[in-house]
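For reference, the structure discussed in these notes is given below.
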Amino acid sequence: MKSWLVKTEPETYAFEDLVQKGEDVWDGVRNFQARNFLEKMNLGDQVFVYHSGKQREVVGLAEVSEEAFPDPTAKEDGNWVAVKLKPLEPLPTPVSLKAIKAEPSLSDILLVKQSRLSVMPLDKKAAEKILKMSRV
DNA sequence: GCCAACGTTGGC
DNA sequence: GCCAACGTTGGC
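So for the first sequence, full-length UniProt numbering puts the first residue at 1; every next one is plus one.
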């Protein structure tokens, strides 16, 4: 099982919206790098959901419930894809960007290094670390 | 094919 | 509100 992190603006689509729906299409990604990561997601992979903007913290856990398929919202060229996500649980304690940056073992994750990327892989160690930090 | 101008994202 | 990072567009 792989781990991923996806970003969303809570004003537009929050983790709570995903919880309410029970399962939803994660679409609208229009960045090649992000798209390539979406395509590599497998059924059952772990997905951390991060709120950008004012909140700036990892708020919840979800899993991939359907692998990449053509993004139904895409009108333009580019073979854009979407996946389906199913919420698992909100994190007991959200993990803030600040806390992540203060953690040396997480200093090289893409969330920190490439702040504009909206879909990114997390290696096993980073995923476990974030989980651990959410259970304090 | 290069590069300047511009737009967007997201942290501060 | 500002700015850095990055992507895209258009002139040459």
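Here a beta-carbon is modelled for each residue, glycine too, at the ideal position from N, C-alpha and C. Keep in mind it's a predicted model, so treat the numbers as computed, not measured.
With DSSP as the reference, please indicate the residues paired to G53 in a beta bridge.
Walking along the first sequence from the start, residue 53 turns up at place 53. Answer by DSSP bridge pairing: none, since G53 is not bridged.
Since F48 and V64 are thought to touch, with beta carbons under 8 Å apart, how far apart are those beta carbons, to the nearest angstrom?
Taking the first sequence and counting its residues from 1, one reaches residue 48 at position 48. Taking the first sequence and counting its residues from 1, one reaches residue 64 at position 64. Their Cβ separation, rounded to whole angstroms, is 12 Å, which puts F48 and V64 out of contact at 8 Å.
Write down every uninterrupted run of the alpha helix (DSSP H) in the UniProt domain "EVE" (3-133) whose length is 4 residues or greater and which is fully enclosed by it, in chain order.
Here the runs fully enclosed are 15-21, 32-40, 97-101, 110-113 and 124-133.
For K7, count neighbouring C-beta atoms within 10 Å of its own C-beta (all shown protein chains included) and say buried if the count is 16 or more, exposed if not.
As a position in the first sequence, residue 7 is number 7, starting the count at 1. The residue is buried, with at least 16 neighbouring Cβ atoms inside 10 Å.
So, are the CB atoms of E60 and F32 less than 9 Å apart?
Counting from one through the first sequence, the residue named residue 60 turns up at place 60. Counting from one through the first sequence, the residue named residue 32 turns up at place 32. Strictly speaking, residue 60 in this sequence is Gly, with Glu absent from that position. Cβ atoms of G60 and F32: not closer than 9 Å.
Using the Cα positions of K125 and K75, report the straight-line distance between them to the nearest angstrom.
Here the question's residue 125 lines up with position 125 in the first sequence. Here the question's residue 75 lines up with position 75 in the first sequence. One C-alpha to the other measures close to 38 Å.
Apart from the five residues just before and just after K129, which ones in its own chain have a Cβ nearer than 8 Å to its Cβ?
By 1-based counting over the first sequence, the position of residue 129 is 129. Excluding sequence neighbours, K129 sits near E103, S105 and L106.
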